[in-house]
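Okay, so the sequence shown: first residue is 8 according to this note's numbering, each after it adds one. Where a beta carbon is used, it is the ideal one built from N, C-alpha and C, also for glycine.
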Amino acid sequence: MICKPISFLCAVLSIGPIFSQDELGEPPVRAPFEKKEDSLCVNDWWNRPANPIIDLKIPRDQVVSFGIYTVSKQTLKLTAQLYPLYPKESREVRLEIEKNGKWTELARQKVNDLGWSTTFRIENWNDAADIKYRLLHGEKASFEGLIRKNPAADDEIVLAAFSCNSNQDRGLRPEYVRNINHQDPDLLFFAGDQSYDHKEHTAAWLKFGLAFREIFRNRPCITIPDDHDIGQGNLWGENGKIAKAEAGNDGGYFFHHEYVKMVERQQCSHLPDPYDPTPVEQGIGVYYTNLLLGGIDFAILEDRKFKTGPLGRHPMKGPRPDHILDPKYDPKVIDTPGLQLLGARQEKFLAAWADQRDGVSMKAVLSQTGFCGGAHLHGGVNNRLHADLDSNGWPQRGRNKALELITKAKAVHIAGDQHLATVVRHGVKEFGDGPWAFVVPAVVNNYYGRWWWPEDEKPGANPIAGSPLPWTGDYLDGFHNKISMIAYANPEAKRKNITAWERKEKTTNADFDGRGDGYGLIRFKKSTNEVTFECWPRFADVTQPKAQQYPGWPITVKP
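If you want it as structure tokens, here you go:
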């Protein structure tokens, strides 16, 4: 245990004084915190009131909450997440695998007191066989799972993709567990907002694990944090600088850098090693990388970390610097020189990754949000927003550069964040000259609905023949980016019985149908070089033969 950083953060997270540079050991000085941040990741958590997110006072034989892992290029990365530990409990976790019917210890790791996680990295992993593993703590606590073999011989590789696990529904997710274990994908991807509890990520991450661990116990899983995970409603990271505004629109991170590092350690340490591990400002790390599984090469991006904040970057065209309400504004005025989206480092990575073909049959890019303004109505059917600078449709030059690199790689793009499922074909110079992209729906969509709803209620040019959806075809988004809308899963205009949930009255699954929540399933067919996008409603029971996807899906494309 490293005493000084832990004692320092205990004070920051629970008391909130101003700290000098001498005490911190690194610049700059932070302003005082007005409220506690993650009071359950450190300190005397056992003396604190019951937590509304999750009960932390569990029997000590259950203290290993879950393990989450990836394997790429014969390297296993596996993170053990523990519940908070008492002062005299061991901080050591043991990793064992089963060999010839007996358990064999591979490694031991110290748990980080800030967030209660640790990560094992095992090289020369035998990825040609299924191998059982278990994580052990103390005399009785354990968590068992399966490290799956690389499905290199399979013609079809399947990815399940999720986003936006709203805390407006505190329940577990049995419908997702049932469906995913039945469909049995090879890989899972959580695109961000696994936590909406801004100041209590540790408890929320543990709750996320309880909800989903039965689908990633036995298969690899990619998780990347988005804005809500690190305590902000929106995030423009600007290379890791400190944000002065709580909204973050001046660029940077508003919460303390050790908090941000803890979140990324909990969610990202099991990803393959980063392409370039050089930290950004405040010592915040990076995780952009690639994962090769079954011949499918997945690039994992950080589309928030290097992006420029909108405050002061353009003339205000709305009530806040990231919202434009005037449909007559000139989109060129907000695409000023020097603005960053992915940033030079990630553009370099994407360019190199696009050319890598050894052992690669197909490629996909995974990131937090879409590269266009794919919604017209935000938060309610009466709130029309012309352009949202939180999306990757802005800045336009950065967007176009990213799409050109994805196109060069012959990759599809998969993301979340928008709470609205869409499939689009991007255009850079002409309609249809960019990559296909699937933004998956929210896991729980009772927080902030969005709708694709053109103001003139007319289809675009070249609409999709036979589509059950009225507004498909070629459109300019609010930034004048070219997009071809293929499918969208709008919530019902009046969401069902949401007030009953807020009042904690008895509800049924039927009360929440029609909200547009669910998940994506992406099938990569190597023999035909085809990708099929499937979009499943949350309460569809895929074990039943009559289960239906959202109207407009499935969609099969060739990158």
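8 Å contact criterion, which residue i and residue j should meet: CB distance rounded
i, j, result
"R391", "E462", "7 Å"
"R177", "F73", "Incorrect: roughly 18 Å between the Cβ atoms, too far for contact."
"F223", "I75", "5 Å"
"I341", "W401", "6 Å"
"Q375", "G423", "7 Å"
"G292", "E271", "6 Å"
"E130", "T77", "Not quite, the Cβ-Cβ distance comes to about 14 Å (not below 8 Å), so this is no contact."
"G386", "Q425", "No, G386 and Q425 are not in contact; Cβ-Cβ is about 12 Å, not under 8 Å."
"P442", "I413", "5 Å"
"R364", "T343", "R364 to T343, Cβ: 37 Å. No contact."
Residues near residue i in its chain [Cβ-Cβ closer than 7 Å; skip 5 each side]
i, result
"H393", "I331, L332, D333, P334, G485"
"V567", "Outside the modelled stretch of the chain, which goes from 8 to 566, sits residue 567, for which no answer is possible."
"E288", "N246, G247, K248"
"T296", "L278, P279, D280, P281, Y282, I307"
"I187", "A167, I222"
Residue of the options minimising C-alpha distance to residue i
i, options, result
"N225", "P317, R155, V446", "R155"
"G473", "D524, I562, F546, G387", "I562"
"N174", "G302, P279, V450", "V450"
"A496", "H487, K532, P477, Y482", "P477"
"S124", "E130, G316, T77, V71", "V71"
"H263", "G290, H487, D337", "G290"
"N488", "I529, N407, D191", "N407"
"K312", "G350, P338, H321, S276", "G350"
"D1", "L410, G238, E541", "With the chain covering 8 to 566 only, the question about residue 1 has no answer from this structure."
"A218", "L483, P192, F169", "F169"
"V447", "L242, P544, R404, E112", "P544"
"S368", "Q403, T111, Q273, K533", "K533"
"I231", "R364, D134, E309", "E309"
"E537", "Q556, P470, A418", "A418"
"D120", "P94, N133, K565", "P94"
"N469", "G480, W460, R101", "G480"
"T535", "G145, W459, D162", "D162"
"L410", "H426, M323, T343, L357", "L357"
"L166", "P322, Q403, Q190", "Q190"
"G145", "L89, P552, I187, D193", "L89"
"C171", "K314, P322, W212, Q116", "W212"
"L194", "E182, Y183, P158", "P158"
"A135", "E182, K80, K565", "K80"
Residue i Cβ short of 8 Å to the ligand ATP heavy atom set
i, result
"G152", "Absence of the ligand ATP from the depicted structure is noted, as is the absence of any ligand whatsoever, leaving it without description."
Paired residues, beta bridge with residue i - DSSP
i, result
"N172", "V451"
"E103", "E112, R141"
"C542", "G527"
"K532", "E163, E537"
"H264", "Per DSSP, none; premise fails for H264."
"Q190", "Bridge partners of Q190: none, in fact."
"W458", "L384"
"K214", "Beta-bridge pairing links K214 to no other residue."
"V431", "A444, M492"
"F127", "L85"
Same chain, Cβ closer than 6 Å to residue i, five either side skipped, listed in chain order
i, result
"L373", "F196, F305, I307, I421"
"H235", "D200, Y203"
"R128", "K84"
"L318", "N256, D257, P328"
"K511", "Its pLDDT being 48, under 50, K511 is placed unreliably by the model, and nothing is read from it."
"E539", "Residue identity differs from the one stated: residue 539 is Thr in this sequence, not Glu. Excluding residues within five positions, the ones whose Cβ falls inside 6 Å are R530, P561, T563."
"G316", "W243, E245, N256, D257, G258"
"W110", "E103"
"Q274", "T230, P232"
"K324", "I331, D333, Y336"
"K139", "E105, L153"
Residue j beta carbon less than 9 Å from that of residue i
i, j, result
"A416", "K355", "no"
"E103", "L143", "yes"
"R67", "E99", "no"
"N1", "A210", "Look at the range of the chain in this structure, 8 to 566, and you will see that residue 1 is not part of it."
"L384", "G456", "yes"
"E207", "I60", "yes"
"A547", "G527", "no"
"T550", "R185", "yes"
"A87", "V118", "yes"
"A428", "G366", "no"
"I164", "L300", "yes"
"W459", "V388", "no"
"G559", "P475", "yes"
"L483", "G405", "no"
"Q403", "P322", "no"
Neighbourhood of residue i by C-beta distance below 8 Å, restricted to the same chain and skipping five residues each side
i, result
"Y260", "I237, Q239, L242, G244, G247, K248, I249, A250, V267, Q289, I291"
"A114", "R101, L102, F127, I129"
"P464", "The sequence given here places Glu at residue 464; Pro does not occur at that position. Cβ neighbours of E464 beyond the five flanking positions: P477, W478."
"E541", "G527, L528, I529, R530, Q556, W560, P561"
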